[in-house]
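Below is one structure; the comments refer to it alone.
Number of protein chains: 2
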Amino acid sequence: MARIVALHTHDVRFPTSQTLDGSDAMNPDPDYSAAYLRLVTDAGDGLEGHGFVFTIGRGNDVQVAALRTLEGHLLGRDVDATLADLGGLWRELVHDSQLRWLGPEKGIMHMAIGAAVNALWDLRAKREGKPLWQLLSSLTPEEIVDLVDFRYLTDALTRDEALEILRAAQPGRAEREARLVSEGYPAYTTTPGWLGYDDDKLARLCREAVEDGFRQIKLKVGADLDEDLRRLRIAREVCGPDVGIAVDANQRWDVGDAIAWVERLRPFDLAWIEEPTSPDDILGHAAIAKAVAPIPVATGEHGANRVLFKQLLQAGALSVLQLDATRVAGVNENVAILLLAAKFGVRVCPHAGGVGLCEAVQHLAMFDFVAVSGTTEDRMIEFVDHLHEHFVTPVDVHSGRYFAPKAPGAGTEMHASSLAEYAHG
Amino acid sequence: MARIVALHTHDVRFPTSQTLDGSDAMNPDPDYSAAYLRLVTDAGDGLEGHGFVFTIGRGNDVQVAALRTLEGHLLGRDVDATLADLGGLWRELVHDSQLRWLGPEKGIMHMAIGAAVNALWDLRAKREGKPLWQLLSSLTPEEIVDLVDFRYLTDALTRDEALEILRAAQPGRAEREARLVSEGYPAYTTTPGWLGYDDDKLARLCREAVEDGFRQIKLKVGADLDEDLRRLRIAREVCGPDVGIAVDANQRWDVGDAIAWVERLRPFDLAWIEEPTSPDDILGHAAIAKAVAPIPVATGEHGANRVLFKQLLQAGALSVLQLDATRVAGVNENVAILLLAAKFGVRVCPHAGGVGLCEAVQHLAMFDFVAVSGTTEDRMIEFVDHLHEHFVTPVDVHSGRYFAPKAPGAGTEMHASSLAEYAHG
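Chains as they are written, first to last, in my numbering: chain V, 1 to 425; chain C, 1001 to 1425.
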């Protein structure tokens, strides 16, 4: 019987603040970082489970310390039994009453659980010889709902309703999987839009984005209205009228400011307004959504847990749900959020970028297409062309689309050389 | 010029799980703990600022690691300038963009900032020779609003509205301060109500509570309905019809369960139902509040930040707001929450117990009485008779009331001997 015999952690930081990649109205100087976890077994097959939490620098060491608190739950576990019941494992970790106190179900401790859960999925996918999206898409509806903890969700989504959604999507699975492999999944790019770039760089990157086949780009806004207007004018001119332009305020505004500011940006035909205010402000997002309609409101990358997403959907506070691979408690909680989105008929356009977020989140969007929502209509995965070279299976994005990974695993494994070279402290 | 020259941390854990003190439906075996912080200056006056985060055991080391990330902001600071602008300091810590990513404004990182902010208030109060409640109550309305970050609040409370509330309470300040010193502030006790106690112990502790002058007790519920009914029957019989009995489900239920369960408990004339579901579920609490009316819904001890409290108030989701001294980012954020409660006319009954929470939170309730709401009507501070002996200035609770602390400081200083004796690891 194989057991989990070691949990290794790494504090990895890339000095991205030096080039202002990733600069926005709230995050002027991020150093893209990962609190990284490797689960080692004694199976003798050479396979490890890798997972991480994406952070932007300071405090990454605290995030690593949180990963270490999970040793007591993980070391010595039977690998086969654990991987066969990842729903049970999720409940055990999230409902550890002493650790739960530190959230509950939010912030550093919850994200640490997410990294561990994702590492276990990475291990399972490698052992089954499948990419994660395909592994998830091969599960029965019953197996999928068993992954989900419906606690706090049943006023919006019951287990039976989730089963119904999944069963309704069963018939076309094979055909959609084939389409995904041949055609890929739509992407949009944020590469042109960081606040720290000058106008020439903005225009050049917009041009390249359109030439590369992207049908939507995204600009950071919210620091200075005149700047935003000037940059939107440049982007719209270069992109032409048929390419979508979304804007992202990164939580910069109060509710009233958001409504007034977006009103001024309205002439540029916005694809959506993203993170207009505090990610916790469900009622605030609902008020903004009502005021700026028909411009869609997008949020989710900082959404702490499924209870927040449930309410955003109940309140009609978003029309674009931005799933994040490492903010919530891993694959299982993201499956719950995908089911909630399907129940409410809201499109999911995952957040990515950072380090490894593109590699990780694509699997969830692809699983959603094959086995949950059954559609890519008006949906796309964010793409930022940074730091992919550090991953063993970097994303394959071209012609404005993500092409489905074929390698076994969850996409979360970094090169050992990168872990070593960018080790912090 | 005096500077902050050291930040010392302590991982302190008390083995409370051995006696089932503190056991409830979600927390069967808490080990009451503190991630504890001491700020040392070179002023030569022997005064230190002490603050802590209350946790219930595992992960307290991660909470301590989070305290250490604040060294870069605190070490070397001019003491006088820092203490004269604690609003500015709060903004600097909470809006450190890299640390903020780890929440944002929730969980381990946010609570760590709360401990540092509280330690600075402890230092300021000691230097001014006043207990914190009196120091806060001596500030002008302008000085008080300068402590508050109104970001994300202005759709519910503006700076001008806050000033108006504070100015309206100015006339009676001296008279209320005198009343507070002579009569104290009402308390209720949770000492009888832990789930781990047998019926005899429950009855004995209820009797003692009434004899001690408490006008309200609280029982933990939510694990087993028949048990709850039996325990409520015992408590009501011992306490008689005139003593309030509140019940606390510690987040055990989904929305539908909460409504059905409380319906069964209704005959016992409940003072309030506390934490019926996830602390993040604003819309859920609103639905429960509507269904169980006129039984008041109480929540707040796990409320992550002022944005959550704003929405609970906007949605009519609570009628008893339970302030906690160490869950949000310290005194400044709690001042914001007290102002929000005053704006919405909702009563505040602080959460306490744990270790040091009674000592810390009483200052905020007393400040509220003197300078914000101006009333103690239907208000009371929770009291649990545990672990007070570890504090340099333990609470003075008798005749069912908290008597106002006279010693300088925020009440947050533990004996050095306790820090040493209960040091973990």
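Ideal Cβ placement from N, Cα and C applies to all residues, glycine included. Just so you know, these numbers come straight off a predicted model, no measurement behind them.
Interface residues of chain V around residue i at Cβ under 9 Å?
i                       : result
residue 1302 of chain C : 101, 103 and 104
residue 1030 of chain C : 97, 98 and 101
residue 1305 of chain C : 278 and 280
Would you call residue i buried or exposed, if buried means 16 or more other Cβ atoms sit within 10 Å of its Cβ?
i                       : result
residue 1001 of chain C : exposed
residue 1019 of chain C : exposed
residue 1351 of chain C : buried
residue 181 of chain V  : exposed
residue 382 of chain V  : buried
residue 1280 of chain C : buried
residue 1286 of chain C : buried
residue 140 of chain V  : exposed
residue 1225 of chain C : exposed
residue 1310 of chain C : buried
residue 1267 of chain C : exposed
residue 302 of chain V  : buried
residue 1207 of chain C : exposed
residue 1230 of chain C : exposed
residue 356 of chain V  : buried
residue 269 of chain V  : exposed
residue 377 of chain V  : exposed
residue 170 of chain V  : exposed
residue 1015 of chain C : exposed
residue 1058 of chain C : buried
From the DSSP secondary-structure annotation, give me the bridge partner or partners of residue i.
i                       : result
residue 1245 of chain C : C:1217 and C:1270
residue 7 of chain V    : V:39
residue 53 of chain V   : V:35
residue 1398 of chain C : C:1401
residue 347 of chain V  : V:320
residue 111 of chain V  : The partner list for residue 111 of chain V (beta bridge, DSSP) is empty, contrary to what the question assumes.
Please list, in chain order, the chain C residues whose beta carbon lies closer than 8 Å to that of residue i.
i                      : result
residue 59 of chain V  : 1066, 1069, 1098, 1099, 1101, 1102 and 1109
residue 394 of chain V : Within chain C, no residue comes near residue 394 of chain V; the closest Cβ sits about 24 Å away, beyond 8 Å.
residue 308 of chain V : 1280
residue 463 of chain V : The question about residue 463 of chain V has no answer here: the residues shown for chain V are numbered 1 through 425.
residue 315 of chain V : 1283
residue 216 of chain V : Under the 8 Å cutoff, chain C gives no residues; its nearest Cβ is about 25 Å from residue 216 of chain V.
For residue i, which residues from the same chain have a beta carbon less than 8 Å from its beta carbon, with the 5 sequence-adjacent residues on both sides left out?
i                       : result
residue 100 of chain V  : 94 and 109
residue 165 of chain V  : 339, 342, 343 and 372
residue 1047 of chain C : 1041, 1123, 1126 and 1127
Leaving out the 5 sequence neighbours to the left and right, which residues in its chain are closer than 7 Å to residue i when beta-carbon positions are compared?
i                       : result
residue 1176 of chain C : 1369, 1370 and 1374
residue 62 of chain V   : 108
residue 1017 of chain C : 1029, 1030 and 1031
residue 366 of chain V  : 133, 180, 185 and 404
residue 1060 of chain C : 1011, 1013, 1033, 1035 and 1424
residue 209 of chain V  : 189, 191, 192 and 217
residue 1419 of chain C : 1010, 1012 and 1036
residue 1292 of chain C : 1259, 1262 and 1273
residue 43 of chain V   : 2 and 79
residue 1410 of chain C : 1118, 1121, 1122, 1125, 1132, 1360 and 1363
Please list, in chain order, all residues of the same chain as residue i whose beta carbon is under 6 Å from its beta carbon, the five residues on each side excluded.
i                       : result
residue 24 of chain V   : 195, 220 and 250
residue 112 of chain V  : 66 and 67
residue 205 of chain V  : 191 and 192
residue 1149 of chain C : 1091
residue 1203 of chain C : 1234 and 1238
residue 1380 of chain C : 1186, 1187, 1188 and 1349
residue 76 of chain V   : 3
Give the interface partners of residue i over in chain C, defined as CB-CB distance under 9 Å, in chain order.
i                     : result
residue 27 of chain V : 1097, 1098, 1100 and 1101
Just to make sure I have the definition right: I need the residues of chain V whose C-beta is within less than 8 Å of the C-beta of residue i. Which are they?
i                       : result
residue 1118 of chain C : What residue 1118 of chain C touches in chain V: nothing, since even the nearest Cβ is about 18 Å away.
residue 1063 of chain C : 102
residue 1134 of chain C : Near residue 1134 of chain C there are no residues of chain V at all, since even the closest Cβ is about 31 Å away, more than 8 Å.
Any heavy atom of the ligand GDP inside 8 Å of the beta-carbon of residue i?
i                      : result
residue 106 of chain V : Among the components modelled here there is no ligand, and therefore nothing to report on the ligand GDP.
What in chain V is Cβ-close to residue i, meaning under 7 Å?
i                       : result
residue 1322 of chain C : By Cβ distance, chain V contributes nothing, its closest Cβ being about 15 Å from residue 1322 of chain C, past 7 Å.
Could you list which residues in chain C have their beta carbon closer than 7 Å to that of residue i, in chain order?
i                     : result
residue 18 of chain V : Here the premise fails: no neighbours, minimum Cβ distance about 14 Å.
Review point. Listed from N- to C-terminal order along the chain, which residues in the stretch 1150 to 1170 of chain C have their beta-carbon within a distance smaller than 7 Å of any beta-carbon of chain V?
Key: Of all residues in the stretch 1150 to 1170 of chain C, 1151, 1152, 1154 and 1155 have a Cβ within less than 7 Å of some Cβ in chain V.
Point to revise | Contact list for the stretch 274 to 287 of chain V against chain C, Cβ threshold 9 Å | key: Close to chain C, meaning a Cβ-Cβ distance shorter than 9 Å, are the following residues of the stretch 274 to 287 of chain V: 277, 278, 279, 280, 281, 282, 283, 284 and 287.
Review point. Taking any Cβ of chain C, which residues in the stretch 343 to 362 of chain V have a Cβ under 7 Å from it, in chain order?
Key: Residues of the stretch 343 to 362 of chain V that bring their beta carbon within less than 7 Å of a beta carbon in chain C are absent altogether.
**Study point:** Contacting positions in the stretch 1232 to 1256 of chain C - beta carbon closer than 8 Å to chain V
**Key:** Correct list: 1251, 1254, 1255 and 1256.
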